[in-house]
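From first to last, the protein sequence lines are chains A and B.
Heads up: the first sequence begins at 1 in my numbering, then just goes up one per residue.
Heads up: the second sequence begins at 1001 in my numbering, then just goes up one per residue.
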Amino acid sequence: MGYTLNFNLIWRHFDKLWGGLLLSLELAVISIAIGIVIGLLLAVWYVSAGRAVRTVIAAYVEFIRNVPLILLVYLVFYGLPTVVDIAYSAQTSFIATLSLYSGAYLVEVFRSGLEAVPRGQLDAGKAIGLTPWQRLVHVRLPTMLRITLPALSNTFLSLFKDTSVASVISVPELTYGAQWINFNTFRIVEVYLVVTAMYLLTGYALLYALRLVERRFRAAH
Amino acid sequence: MSIAPPANLALLDISDVSKSFGSVEVLRSVSLQVTRGEVVTVIGPSGSGKTTLLRCVNFLESYDSGSIRIDGKEVGFRDTGTRQRRSERDLAKMRAETGMVFQSFNLFPHLTAAGNIMLGLRKVRGKSSTEARAIAEHWLGRVGLAHKADSLPAELSGGQQQRVGIARAVAMEPKILLLDEITSALDPELVGEVLEVVRSLAEDGMTMVMVTHEMAFARDASSRIVFMADGGVSAAGPPAEILGTEIDNERLRSFLARFRASHF
């Protein structure tokens, strides 16, 4: 028995995939933006706080890192609204989840970046009379950013792939689009071939663009 | 009736300062007065507490007892007489009164040579960007780097970086300049250009305390040399006396003998 590849049905519904890809990118961008804010705030807090705060932040990081993303997605979308009285769309719920998820990874990235800033630079900042806040903003963060940029790119790239998990709560991103086409046309091989290619090409393009940004940053600094 | 002399002649008054790291006593009741315009060089074997002493002067290190005053004001602790640490904001203000140049330069890697100098001028001294730039260019000219204003530290040689480090410190118009082994990390051929800058600052009357292993420079440029050993001041006096052969101090003699043996 022969299976003949037929992509016609895929192209007919390509708008589902294209729209899905754009939504995947949107989910990744919004989540990493919120994740960066979470990560930065907690990392700065972590390096300057006492043991109690550190323990709480570490607990958050370890919890997120040790629970599969798909479970977190279920917990936030199905679990949370049954416990507390809130309502949100699947998309909002997923963005919240992915933000908390990337935030936890970025706390670690930023924390180690902050700790990698050479002591001497901080001494130099003190010696010219900068206040702790000025030392953070003008000395520590710029150097930390330079150190952490590659890790930040990698985190963004894996977040982009992780957006596929949103399909389990019917957020119409790329993987969900693929499932939809599969259910309606049964062209399973074709659709997943096309979607794989789309993830791959987008991922490559992102990586390339981010490496360019990194290089520019390094040159400018 | 006589006119009382100023209560505090010394610009820098280190009095009876002691400090331990754990069970190791790194400073043992060190006292040292530096008057305006003086260049005091601190020499001594490694581990004798020279760098720690210098870092206590701008409170990069705290100390366990004694007092350090600049222009009569306690550096790290509140004026109330209790040993209560100043607030971070106050400490920042006090530190702006001293300048420090580091062994490993410690330039801010993301800022240009001019940017390194301008940061403190803008954020601490409140200068406008134009003013700060003008001051930065003036000092870069003084250290012979006018053409490097827009270079990043990574694009500069060690000697050039250290001259930027000096410019960054003096541009703040500190009352006193602290130099911590500023030529130790440099290739020998780059030492001269840095010392030349220090010499010209000394001629301008800048008050300086420096830790160095450059004995020839210490002899020529200092008004006084302090020899530290085991965390205490073991000998102090004019260069000719301290580096001379007449000195009656066994530790200093053996230090100098070892030093000469390894350097000539």
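For every residue, glycine included, the Cβ atom is placed at its ideal position computed from N, Cα and C.
Exercise. Under a three-way DSSP split, which group does B/Met1206 fall into?
Worked result: By 1-based counting over the second sequence, the position of residue 1206 of chain B is 206. In the structure shown, B/Met1206 sits in coil (DSSP, three-state: anything other than H, G, I, E or B).
Problem set entry | According to DSSP, residues forming a beta bridge with B/Ser1067 | By one-based count along the second sequence, residue 1067 of chain B stands at place 67. DSSP lists B/Ser1015 as partners of B/Ser1067.
For this session: Note the first and the last residue of the continuous beta strand (DSSP E) segment covering B/Phe1227.
Result: Against the second sequence, residue 1227 of chain B aligns to sequence position 227. Where B/Phe1227 is concerned, the enclosing beta strand (DSSP E) stretches over Arg1224 to Ala1229.
Problem set entry | Buried versus exposed call for A/Leu200 [16 or more other C-beta atoms within 10 Å across all chains shown] | Indexing the first sequence from 1 puts residue 200 of chain A at position 200. By the 10 Å Cβ count, A/Leu200 comes out exposed.
Exercise. Are the C-beta atoms of B/Met1100 and some chain A residue less than 8 Å apart?
Worked result: As a position in the second sequence, residue 1100 of chain B is number 100, starting the count at 1. With 8 Å as the cut-off, B/Met1100 counts as an interface residue toward chain A.
Exercise. Helix, strand or coil for B/Leu1179 per DSSP?
Worked result: Here residue 1179 of chain B corresponds to residue number 179 of the second sequence, with the count starting at 1. Here B/Leu1179 carries a strand assignment [DSSP, helix/strand/coil].
Exercise. What beta strand (DSSP E) runs, 3 residues minimum, are completely inside the region 1021-1108 of chain B?
Worked result: The qualifying runs are 1024-1034, 1039-1043, 1065-1070 and 1098-1101.
Exercise. What are the complete alpha helix (DSSP H) segments, minimum 4 residues, inside the region 1131-1206 of chain B?
Worked result: Annotation: the region 1131-1206 of chain B contains the following complete segments of the alpha helix (DSSP H) (minimum length 4 residues), in chain order: 1158-1170 and 1188-1203.
For this session: For the alpha helix (DSSP H) holding A/Val109, just list the boundary residues, first then last.
Result: For the purposes of this step, residue 109 of chain A is taken as the residue at position 109 of the first sequence. The continuous alpha helix (DSSP H) containing A/Val109 extends over residues Ala90 to Ala116.
Exercise. Beta-carbon separation of B/Gly1076 and B/Leu1091 under 8 Å?
Worked result: Along the second sequence, read from residue 1 onward, the residue named residue 1076 of chain B stands at position 76. Along the second sequence, read from residue 1 onward, the residue named residue 1091 of chain B stands at position 91. Result yes, Cβ atoms of B/Gly1076 and B/Leu1091 sit closer than 8 Å.
For this session: Report the partner residues of B/Gly1237 according to the DSSP bridge assignment.
Result: Here residue 1237 of chain B refers to the residue found at position 237 when the second sequence is read from its first residue. As DSSP reads the structure, B/Gly1237 sits in a beta bridge with B/Ile1225.
For this session: Could you tell me the distance, in whole angstroms, from the CA atom of B/Phe1259 to the CA atom of B/Leu1011?
Result: Counting from one through the second sequence, the residue named residue 1259 of chain B turns up at place 259. Counting from one through the second sequence, the residue named residue 1011 of chain B turns up at place 11. Whole-angstrom Cα-Cα distance: 31 Å.
Exercise. Going along chain B, which residues have a C-beta under 7 Å from A/Pro132?
Worked result: Taking the first residue of the first sequence as 1, we reach residue 132 of chain A at position 132. Against chain B, the beta carbon of A/Pro132 has neighbours under 7 Å at Glu1088, listed in chain order.
Problem set entry | Complete runs of the beta strand (DSSP E) confined to the region 16-55 of chain A [at least 3 residues] | Counting only runs of 3+ residues, no beta strand (DSSP E) is found wholly inside the region 16-55 of chain A.
Exercise. Is it buried or exposed for B/Pro1005, if we count other Cβ within 10 angstroms and need 16 for buried?
Worked result: Position 5 of the second sequence holds residue 1005 of chain B. Caution applies to B/Pro1005, whose pLDDT of 48 falls short of 50 and renders its modelled position unreliable; the value that the coordinates give is listed next. By the Cβ-count criterion, B/Pro1005 is exposed, with fewer than 16 other Cβ atoms from all chains shown falling within 10 Å of its own Cβ.
Exercise. According to DSSP, what are the bridge partners of B/Val1211?
Worked result: Within the second sequence, numbered from 1, the residue matching residue 1211 of chain B stands at position 211. The partner list for B/Val1211 (beta bridge, DSSP) reads B/Val1042 and B/Asp1180.
Problem set entry | Spatially closest choice to A/Thr143 from A/Lys126, A/Phe110 and A/Ile10, by CA coordinates | In the first sequence, counting from the first residue as 1, residue 143 of chain A sits at position 143. The shortest C-alpha separation from A/Thr143 is found at A/Phe110.
For this session: State the Cα-Cα distance for the pair A/Gly79 and A/Ile34, rounded to the nearest angstrom.
Result: What you label residue 79 of chain A is simply residue 79 of the first sequence in a count that begins at 1. What you label residue 34 of chain A is simply residue 34 of the first sequence in a count that begins at 1. The alpha-carbon atoms of A/Gly79 and A/Ile34 are separated by roughly 22 Å.
Exercise. If you drop the 5 nearest sequence neighbours on each side, which residues of the same chain put their C-beta closer than 7 Å to that of A/Trp11?
Worked result: Mapped onto the first sequence, residue 11 of chain A falls at position 11. Once the five neighbours on either side are set aside, A/Trp11 has no close Cβ partner at all.
Exercise. Which residue or residues does DSSP assign as beta-bridge partners of B/Gly1232?
Worked result: On the second sequence, position 232 is the one that residue 1232 of chain B refers to. Beta-bridge pairing links B/Gly1232 to B/Ala1229.
Exercise. Can you round the beta-carbon distance between B/Val1042 and B/Val1197 to whole angstroms, since I take them to be within the 8 Å contact cut?
Worked result: Looking up residue 1042 of chain B in the second sequence gives position 42. Looking up residue 1197 of chain B in the second sequence gives position 197. Wrong, their Cβ atoms sit about 19 Å apart, outside the cutoff.
Problem set entry | Contacts that B/Leu1140 makes with chain A (C-beta to C-beta distance below 9 Å) | On the second sequence, position 140 is the one that residue 1140 of chain B refers to. By Cβ distance, chain A contributes nothing, its closest Cβ being about 16 Å from B/Leu1140, past 9 Å.
For this session: Identify, in the order they occur along the chain, each residue of the same chain with its Cβ nearer than 6 Å to the Cβ of A/Val191, setting aside the five sequence neighbours on each side.
Result: Here residue 191 of chain A refers to the residue found at position 191 when the first sequence is read from its first residue. Setting aside the 5 residues that flank it on each side, A/Val191 is surrounded in the same chain by Ile10, Ala178, Ile181 and Asn182, each with a C-beta closer than 6 Å to its C-beta; the list follows chain order.
Exercise. Would A/Arg146 count as contacting chain B if we go by Cβ distances under 8 Å?
Worked result: In the first sequence, counting from the first residue as 1, residue 146 of chain A sits at position 146. Interface residue, yes.
Exercise. Expressed to the nearest angstrom, what Euclidean distance is found between the alpha-carbon atoms of B/Ile1176 and B/Arg1224?
Worked result: Numbered from its first residue, the second sequence carries residue 1176 of chain B at position 176. Numbered from its first residue, the second sequence carries residue 1224 of chain B at position 224. Note on geometry: alpha-carbon atoms of B/Ile1176 and B/Arg1224 lie some 15 Å from one another.
For this session: Output the distance between the C-alpha atoms of B/Gly1232 and B/Leu1053, rounded to the nearest integer angstrom.
Result: Position 232 of the second sequence, counted from the first residue, corresponds to residue 1232 of chain B. Position 53 of the second sequence, counted from the first residue, corresponds to residue 1053 of chain B. Distance between the alpha carbons of B/Gly1232 and B/Leu1053: 10 Å.
For this session: Give the residues of chain A in contact with B/Arg1095, contact being defined as C-beta atoms less than 9 Å apart.
Result: Position 95 of the second sequence holds residue 1095 of chain B. Chain A residues near B/Arg1095: Lys126, Ala127, Ile128, Gly129 and Leu130.
Problem set entry | heavy atom of the ligand SAM below 7 Å from A/Thr92 C-beta | This structure lacks the ligand SAM, and indeed carries no ligand of any kind.
Exercise. Does B/Val1164 come within less than 8 Å of chain A when only Cβ atoms are used?
Worked result: Against the second sequence, residue 1164 of chain B aligns to sequence position 164. So no, B/Val1164 is outside the interface.
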